[in-house]
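Report on one structure; see the data block that follows.
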Amino acid sequence: MSEKQSHNQIKALIDLLDEPDEKVYVQVRQQMVSFGPEIVPYLEDEWGKSDSQLRQNRLLNIIHKLQLEELYQQLTIWANFGNKDIWEGYMIINRYIFKDLKKETIDKEFDHIRRDVIFELHDQLTPLQKIRVLNHILYEVHRFKGNTSPEYFIKSYFVDHLFHKQRGSALSLGVLYMALAQSLGIPVYGITLPRHFILAYMDADFPGEAARNSEVKFYINPVYRGTIFTRREIVRYLRQSEHDMNRAFFYPSTNPEILKRLIEDIQMGYENRDKQEEVRELEYLKNALNLDPEDENEEEEDA
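Residue numbering for the sequence shown follows my numbering, beginning at 94 and increasing consecutively.
Shown next as structure tokens:
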């Protein structure tokens, strides 16, 4: 189909959006979604021109559906081909509520923090000393803190709130911490605990699969100013919360597992606000993080 034919077909479908019959609308929406995210700018332009409230509402619904499909595709590609970069996957999820997220602006903020850390790092530092440098820059210089306000529970998982308010959840702070550390060659990885998220400094010279599969030197609590602790504290926490001593609670989670957990926590926030549509949409996005069995086998072989 030529570009002109596609344009004419989309225009004809838009004209049908004023049809009050809901069944007709559902069929029109399905056909428009089949064109893919590329038509979103055109639909946004039509939305701005329309005087019909019904047409505007339906156009917004279709635009949102197309944007959701685009996020699903991006997460699927990331999970299967690029999941070593936790920050990239985190940025994709952020576009769920920040549709016009400017990656360049976020990268600039990230690089600013990174440069501040580099200024105080040198090769002779021990692992503990490197973490003290990271903690100093993140929690004292840039004043990051854990979110304590229920009002901002959902926002605290997203980068806009994290960078502009310096407040984050254990997961958003943890993802920033591990992404920053790994970008500097420091082998810090995330661990999803029940109702919590912590970091582990691995016994390796630099990040990579060998680091992920090495032993843990010590643990870091990203929401409490990077406090360093040992395996003993995890054991105590699991006993108090009546959880089994699962090996997965002591060693790094995969990046897709971490982002699944982040989505689940955001879903919980929407559940508490009785926003079921958002819960369903996030469940759909979470499914994109499921690795194919063949890919999981390949990871095990690489390890």
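Glycine residues also receive a C-beta, built at the ideal position from the N, C-alpha and C atoms.
By the criterion of a C-beta distance shorter than 6 Å, Tyr363 is surrounded in its chain by Glu371 and Val372, once the five residues flanking it on both sides are discounted.
Residue state for Lys310 is assigned as strand, using DSSP reduced to three classes. Straight across, the Cα-Cα distance linking Glu181 with Pro220 is about 26 Å. Taken atom to atom, the span from the alpha-carbon of Phe256 to that of Glu115 is near 42 Å. Sequence-distant Cβ neighbours of Asn314 in its own chain, meaning closer than 7 Å and more than five residues away, are Ile291, Thr320 and Phe322. In the three-state reduction of the DSSP assignment, Met295 falls in the strand class, which pools E and B. With three or more CB-CB distances shorter than 8 Å, the region 348-365 counts as touching the region 173-188.
Taking C-beta separations shorter than 8 Å and ignoring five residues to either side along the sequence, the partners of Ile156 in its chain run Val133, Leu136, Glu137 and Trp140, following chain order. Of His336, Ser127 and Glu112, the smallest CA-CA separation from Leu147 is found for Glu112. Annotation: the continuous alpha helix (DSSP H) that includes Thr169 extends over Gln146 to Phe174. When the beta-carbon positions are compared, Tyr330 and Arg305 stay at least 7 Å from each other.
Collapsing the DSSP output to three states places Phe342 in a helix. Between Asn240 and Arg260, the C-beta gap is smaller than 7 Å, which places the two residues in contact. Within the same chain, and ignoring the five residues on either side of Glu163 in sequence, the residues whose Cβ sits closer than 6 Å to its Cβ are Pro130. The three-state secondary structure of Gly261, taken from DSSP, is strand.
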